[in-house]
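The letter at position 30 of the sequence shown is residue 73 when you use the working numbering, and the numbering goes up by one with no holes. Even for Gly, the Cβ is constructed at its ideal location relative to N, Cα and C.
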Amino acid sequence: MRSNAMRNVGALARREMGFYFNSPVAYITITLFLVVCGVYLFSMDDIHTGRSFFEDNEASLRKLFDVIPVIFILIIPAITMRLLAEEKRSGTIELLFTMPVTDTHIAVGKFLGGLAFLAITLLATLPLPIIVGGLGNLDVGALVGGYLGLLLLGSAYLAIGLMASSWTDNQIVAYLLAALICAFFYAVSGMVSVVWAGAKDALAALSFEGHFANITRGVIDTRDVLFYLTFVVVALVITVQSLQARNWK
Numbered sequence: 044m045r046s047n048a049m050r051n052v053g054a055l056a057r058r059e060m061g062f063y064f065n066s067p068v069a070y071i072t073i074t075l076f077l078v079v080c081g082v083y084l085f086s087m088d089d090i091h092t093g094r095s096f097f098e099d100n101e102a103s104l105r106k107l108f109d110v111i112p113v114i115f116i117l118i119i120p121a122i123t124m125r126l127l128a129e130e131k132r133s134g135t136i137e138l139l140f141t142m143p144v145t146d147t148h149i150a151v152g153k154f155l156g157g158l159a160f161l162a163i164t165l166l167a168t169l170p171l172p173i174i175v176g177g178l179g180n181l182d183v184g185a186l187v188g189g190y191l192g193l194l195l196l197g198s199a200y201l202a203i204g205l206m207a208s209s210w211t212d213n214q215i216v217a218y219l220l221a222a223l224i225c226a227f228f229y230a231v232s233g234m235v236s237v238v239w240a241g242a243k244d245a246l247a248a249l250s251f252e253g254h255f256a257n258i259t260r261g262v263i264d265t266r267d268v269l270f271y272l273t274f275v276v277v278a279l280v281i282t283v284q285s286l287q288a289r290n291w292k
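If you want it as structure tokens, here you go:
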């Protein structure tokens with residue numbers, strides 16, 4: 044029975060990957076992402092120092108890890124907005140419900156399909172650290188931590204996007220909901236502390252940015268990893284509940 048579940052989830056994940064790469068949208072998205080990251084890393088001034096990459100005279104990817112989480116807020120909702128919303132709009136969701144798959148299989152399969160696409164997108168940026176490493180001594184620990192942090196952060200964004208897509212049959216609404224929720228959780232501690240300084244420490248525990256910053260320092264704390272994994276599980280459970288609620292209608 045477990046093997047059947049894994050087979051169903053794998054089939055759904057491959058189905059989503061097919062949707063992504065059978066159209067030029069995936070290739071355009073990955074190319075634009077790589078170009079924006081490269082231009083920002085080598086041409087734009089660092090928000091911390093006010094200097095460009097070459098003026099800093101340091102082989103660092105800090106700028107890259109500063110900007111990608113923000114780019115993710117824009118592109119990951121675009122990846123996830125059609126996952127369930129389009130299925131509902133076109134009526135193909137009803138076909139899924141008639142197949143020998145559970146709501147959990149559907150949610151996990153679609154999530155894993157999106158995660159595979161995200162992983163490929165991140166792999167496309169590997170030439171950047173290779174170039175930077177050729178120019179100086181790159182901190183390998185910070186590099187590994189940075190990419191692990193991006194994968195975990197991106198996973199949380201994907202789960203949020205899938206959850207938002209389960210709430211509506213309108214892709215634009217799904218995109219906006221996901222982008223707003225992702226932006227809120229990324230900057231929650233900073234936004235609220237402006238109004239209520241006493242809440243800063245408490246809300247830092249819910250901030251994607253805070254946990255991401257910890258991981259990118261190169262010291263992996265299991266609490267930060269568990270934070271993201273817990274968030275993913277909670278969002279997927281809500282997605283499953285949303286699908287089940289639709290079944291009862």
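Buried or exposed for residue i, please, with buried defined as at least 16 other CB atoms from any protein chain shown within 10 angstroms of its CB.
i              : result
isoleucine 118 : buried
tryptophan 291 : Because the pLDDT of tryptophan 291 is 48, which lies under 50, any placement of that residue in the model is unreliable, and the number read from its coordinates should be weighed accordingly. Its Cβ having fewer than 16 others within 10 Å, tryptophan 291 is exposed.
asparagine 51  : buried
glutamate 137  : exposed
arginine 58    : exposed
threonine 259  : buried
isoleucine 185 : Residue identity differs from the one stated: residue 185 is alanine in this sequence, not isoleucine. With 16 or more other Cβ atoms within 10 Å, it is buried.
leucine 196    : buried
tyrosine 70    : exposed
alanine 222    : buried
serine 209     : buried
serine 143     : Reading off the sequence, residue 143 comes out as proline, not serine. Result: exposed.
threonine 273  : exposed
leucine 220    : buried
valine 175     : buried
Cα separation between residue i and residue j?
i                 : j              : result
threonine 141     : alanine 278    : 24 Å
glycine 177       : threonine 135  : 49 Å
leucine 169       : glutamate 130  : 34 Å
phenylalanine 255 : leucine 171    : 20 Å
isoleucine 263    : glycine 61     : 34 Å
serine 198        : alanine 48     : 21 Å
phenylalanine 160 : threonine 282  : 20 Å
valine 110        : valine 78      : 13 Å
alanine 293       : glycine 152    : As displayed, the chain neither begins before 44 nor continues past 292, which places residue 293 out of reach and without an answer.
proline 120       : aspartate 267  : 23 Å
valine 275        : tyrosine 200   : 8 Å
isoleucine 224    : glutamine 284  : 19 Å
methionine 206    : leucine 166    : 25 Å
glycine 192       : tyrosine 63    : 24 Å
leucine 139       : serine 250     : 35 Å
glycine 204       : glutamine 214  : 11 Å
leucine 126       : threonine 265  : 30 Å
threonine 211     : alanine 217    : 6 Å
serine 133        : isoleucine 163 : 28 Å
leucine 75        : alanine 128    : 25 Å
phenylalanine 115 : glycine 179    : 28 Å
tyrosine 271      : alanine 248    : 11 Å
alanine 56        : glycine 157    : 8 Å
asparagine 257    : alanine 202    : 21 Å
proline 112       : glutamine 287  : 32 Å
Using 8 Å as the cut-off, can you tell me whether the stretch 146-162 makes contact with the stretch 220-232, which would need three or more C-beta pairs spanning the two stretches below that distance?
no
Flag this pair as touching only if the stretch 105-117 and the stretch 67-86 have three or more C-beta atom pairs under 8 Å; answer yes or no.
Per the Cβ contact rule, the stretch 105-117 is in contact with the stretch 67-86 (3 or more Cβ pairs under 8 Å).
Which whole runs of the alpha helix (DSSP H) in the stretch 133-184 are 4 residues long or more, in chain order?
135-141, 146-166 and 170-178
Please list the segments of the beta strand (DSSP E) lying wholly inside the stretch 205-229, counting only runs of 3 or more residues, in order along the chain.
Given a length threshold of 3 residues, the stretch 205-229 has no whole run of the beta strand (DSSP E) inside it.
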